[in-house]
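The opening residue of the sequence shown carries number 0 in numbering that gives the first Met the number 0; numbering runs sequentially from there.
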Amino acid sequence: MLKTVLYAGRVGNVLGIETSCDETAAAVVDESFHVLSSVVESSIDQHRAFGGVVPELAGRAHVTTIASVIRRALDEAGLDPRAPDLEGIAVTSGPGLVGSLLVGLSTAKALALVWDVPFAGVNHLEGHLFAPLLESNGLEWPLMTLLVSGGHSLIVLQRAPGEHEVLGETIDDAAGEAYDKVARWLGLGYPGGPEIDRLANEGSPGALKLPVSMIGEDFDFSFSGLKTAVVRATERHPDVAIPDVAASFQFALCEQLLRKLRQALERYDVNGVSLAGGVAANSALRVGVTQLAREFGVASHLPTMAMCTDNAAMIAAAGLYRLRASGPSELNLSARPNWQLADVT
Ligand code: KG4
Ligand code: ZN
Numbered sequence: 000m001l002k003t004v005l006y007a008g009r010v011g012n013v014l015g016i017e018t019s020c021d022e023t024a025a026a027v028v029d030e031s032f033h034v035l036s037s038v039v040e041s042s043i044d045q046h047r048a049f050g051g052v053v054p055e056l057a058g059r060a061h062v063t064t065i066a067s068v069i070r071r072a073l074d075e076a077g078l079d080p081r082a083p084d085l086e087g088i089a090v091t092s093g094p095g096l097v098g099s100l101l102v103g104l105s106t107a108k109a110l111a112l113v114w115d116v117p118f119a120g121v122n123h124l125e126g127h128l129f130a131p132l133l134e135s136n137g138l139e140w141p142l143m144t145l146l147v148s149g150g151h152s153l154i155v156l157q158r159a160p161g162e163h164e165v166l167g168e169t170i171d172d173a174a175g176e177a178y179d180k181v182a183r184w185l186g187l188g189y190p191g192g193p194e195i196d197r198l199a200n201e202g203s204p205g206a207l208k209l210p211v212s213m214i215g216e217d218f219d220f221s222f223s224g225l226k227t228a229v230v231r232a233t234e235r236h237p238d239v240a241i242p243d244v245a246a247s248f249q250f251a252l253c254e255q256l257l258r259k260l261r262q263a264l265e266r267y268d269v270n271g272v273s274l275a276g277g278v279a280a281n282s283a284l285r286v287g288v289t290q291l292a293r294e295f296g297v298a299s300h301l302p303t304m305a306m307c308t309d310n311a312a313m314i315a316a317a318g319l320y321r322l323r324a325s326g327p328s329e330l331n332l333s334a335r336p337n338w339q340l341a342d343v344t
């Protein structure tokens, strides 16, 4: 599948390492993008009481967990942990929490030195874009991808693996962040997305009139006005049932995502639509994207839950591409907490 082999090293498996937020993950992917192992440990239980990820706690959790997670990933892939047969190591080097990124990056460098294999720093968002490759046979490019998570909301045109153009992104909150903030306002747990999604299916989407922000003809999103509108509406109507608030909010948020996606599909000729990121687990969004794809006569690629959320298999996949297309990273590579997808080359 990857035709250009610019890096002339050992050909084969790539170990992926992901520590950009609250998941400590390691995985082994082979050169045909088969996932040989994928281990994910989350520190989310430590963050729940705070209503969001606490960077210092996340960093400490990575330090205590990373060695055993990598060991398990190698064992499950059937590789010798003392000298695994690897083409390289791929590690998320940004964007994310700097203290968390540094744990994965330092570990990857140490292993690269000890095992004498190349390593590549990978952009976490580019990792999400590679997730469909690990699950869908016969993926055809160009692909239009809606990448929506707790930290990002982007519409990306992928012309080929690794060749992407960011068409639009959020100008304020990310979609998942809006879910989490509204959930917090409603007194629901963290993360709020799954709970709002569940409650929304019991409520009426027309109960509250909430704005669908479109901010012009471009592909950018805005969710902070919607969040404020939920607060105002529930203050005005204190008796409104929580499932009705959840359904109204979910409708307005997904409507904005889907309208922008529709505009992008009208403008660009693609062969498929894909979803990525934690919010890709949302039931209404999945139905909406499936319908849109059918309407435009293109394939839809909806990742499984394990591939929507953060994992290291997608990092290994992106790393395999980067190692071959761009070559290994230098050992003095630093973490880039604000690394934009548009700046990936
Ligand atoms: O990609 P992810 O695991 O982590 C990053 O943000 O990188 O995404 C987590 C986000 C959280 O904001 C969570 O509330 C949201 O994804 N989420 C959902 C659903 N499941 C998770 N949002 C809406 N509906 C869901 N079913
Ligand atoms: Zn992510």
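All C-beta atoms, glycine included, are put in the ideal place defined by N, C-alpha and C.
Cβ-based burial, residue i [other Cβ within 10 Å; buried from 16]
i, result
"M313", "buried"
"N200", "exposed"
"M306", "buried"
"R231", "exposed"
"Q290", "exposed"
"L340", "buried"
"H151", "buried"
Own chain residues within Cβ distance below 7 Å of residue i, not counting five before or after
i, result
"R335", "S92, G93, P94"
"F222", "T169, D171, D172, A174, A177, L252"
"V102", "T18, G58, H61, V62, I65"
"L330", "K108"
Integer Cβ distance of residue i from residue j, believed to fall under 8 Å
i, j, result
"A24", "V39", "4 Å"
"V90", "L78", "With 8 Å as the limit, V90 and L78 do not qualify as a contact, their Cβ atoms being about 17 Å apart."
"L256", "A174", "7 Å"
"P204", "A159", "Not confirmed; about 38 Å, so no contact."
"V181", "K226", "6 Å"
"E134", "P302", "6 Å"
"V278", "V147", "4 Å"
"A315", "G15", "3 Å"
Same chain only: Cβ atoms within 6 Å of residue i, ignoring 5 sequence neighbours per side
i, result
"I69", "A25"
"A292", "V272, S299"
"W338", "G93, P94, N122"
"Y267", "L156"
"L207", "A232, S247"
Residue span of the alpha helix (DSSP H) that contains residue i, given as start and end
i, result
"R158", "Segment 152-159 is the beta strand (DSSP E) holding R158; no alpha helix (DSSP H) there."
"E265", "241-266"
"H61", "54-75"
"T233", "223-235"
Min CB distance residue i to chain D below 7 Å
i, result
"P160", "Looking at the structure shown, chain D is missing, and only one protein chain is on hand."
Range of the contiguous beta strand (DSSP E) that encloses residue i
i, result
"F118", "118-122"
"H300", "298-300"
"T91", "85-93"
"I170", "That residue, I170, is in no beta strand (DSSP E); it is neither H nor E in DSSP."
May I ask you to verify whether the segment 118-125 touches the segment 45-61, counting CB pairs closer than 8 Å and requiring at least 3? no
Please determine if the segment 129-143 and the segment 106-114 are in contact, where contact requires at least 3 C-beta pairs separated by less than 8 Å. no
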